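J.: Quick one: the structure is below, questions incoming.
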Amino acid sequence: MPRALRDLPTISADAVTECRRVIVVGSTADLAAVLTTLLRADRLDVEVAHVRWWWQARRARTGFAQRIPLIRDETGAVITKAAHWLPPNEEARTIRGEAVVDDTVLFHGEATGVLIEPTPSMPGLRATVLSPRMRPKRWVAGRAAQLGTTSALVVRDGVPAPRPVRRSAFYRHTQGWLRV
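See the structure below:
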């Protein structure tokens with residue numbers, strides 16, 4: 101715990117809905133879990149700061165909040181850094197299907213994977229097809245990214261979903277979140 105934050109109370113993720121400002125000390129998956137809790141409680145008016153390094157602590161306490169787009173999926177889970185659509189298992193090298201960002205087709209057929217990232221400005225997200233070496237090709241910005249496939253694994257902020265899916269979508273929520 102950074103020294104500048106040691107005098108603050110520690111609360112559980114369920115109690116964040118009762119606060120005016122929350123400082124998340126941890127990974128992007130921890131930040132996504134807090135934002136998911138706030139989204140489901142309809143409390144996106146809570147200011148949220150993310151501290152990964154000790155020098156970010158002072159800004160988390162005294163900085164100003166700015167509303168930025170909130171990217172979520174159809175299950176209500178929020179992503180803060182990146183999401184991936186990947187092959188469902190070790191044997192499969194590609195995902196088969198079609199991915200679309202707004203009106204632009206990302207791929208139709210087979211792809212090694214797809215990377216989706218939130219952006220701090222509108223339209224809210226960007227997505228790219230990954231090369232066989234897992235490098236991004238061309239980025240497409242939009243409000244929503246959708247996938248229809250025979251089978252794909254969804255990875256949200258480094259956390260894989262429990263089972264493969266046939267359909268998946270990430271999109272900008274109607275209201276953004278307050279990032280400090």
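Taking our numbering, the leading residue of the sequence shown gets 101, the next gets one more, and so forth.
Note that beta-carbon positions come from the ideal geometry of N, C-alpha and C, so glycine has one too.
Please read these numbers as outputs of a predicted model, since none were measured by experiment.
Quick one: what's Glu174 bridged to in DSSP?
T.: On the sequence shown, position 74 is the one that residue 174 refers to. Answer is none; Glu174 lacks a bridge partner.
J.: Given this structure, state the Cα-to-Cα distance separating Val259 from Thr162, to the nearest angstrom.
T.: In the sequence shown, counting from the first residue as 1, residue 259 sits at position 159. In the sequence shown, counting from the first residue as 1, residue 162 sits at position 62. Whole-angstrom Cα-Cα distance: 31 angstroms.
J.: Return the first residue and the last residue of the beta strand (DSSP E) that Arg272 is part of.
T.: If you number the sequence shown from 1, residue 272 lands on position 172. Unbroken beta strand (DSSP E) run through Arg272: 265-272.
J.: Just to confirm the assignment, what range does the beta strand (DSSP E) spanning Ala183 have?
T.: Translated into positions along the sequence shown, residue 183 becomes position 83. Per DSSP, Ala183 belongs to the beta strand (DSSP E) from 183-186.
J.: If you reduce the DSSP assignment to three classes, tell me which class Gln166 lands in.
T.: Counting from 1 along the sequence shown, the entry for residue 166 is found at position 66. Looking at Gln166 - three-state DSSP - the assignment turns out to be strand.
J.: Roughly how many whole angstroms lie between the Cα atoms of Asp257 and Ala183?
T.: Residue mapping note: residue 257 aligns to position 157 of the sequence shown, counting from 1. Residue mapping note: residue 183 aligns to position 83 of the sequence shown, counting from 1. Answer to the nearest angstrom: the Cα atoms are 6 angstroms apart.
J.: Provide the residue span of the alpha helix (DSSP H) that contains Val134, from first to last.
T.: Counting from 1 along the sequence shown, the entry for residue 134 is found at position 34. That run of the alpha helix (DSSP H) goes 128-140.
J.: Of the choices Leu105, Val125, Val134, Gly126, whose alpha-carbon is the least far from that of Glu118?
T.: One-based indexing of the sequence shown puts residue 118 at position 18. Checked all of Leu105, Val125, Val134, Gly126; the closest Cα to Glu118 is Val134.
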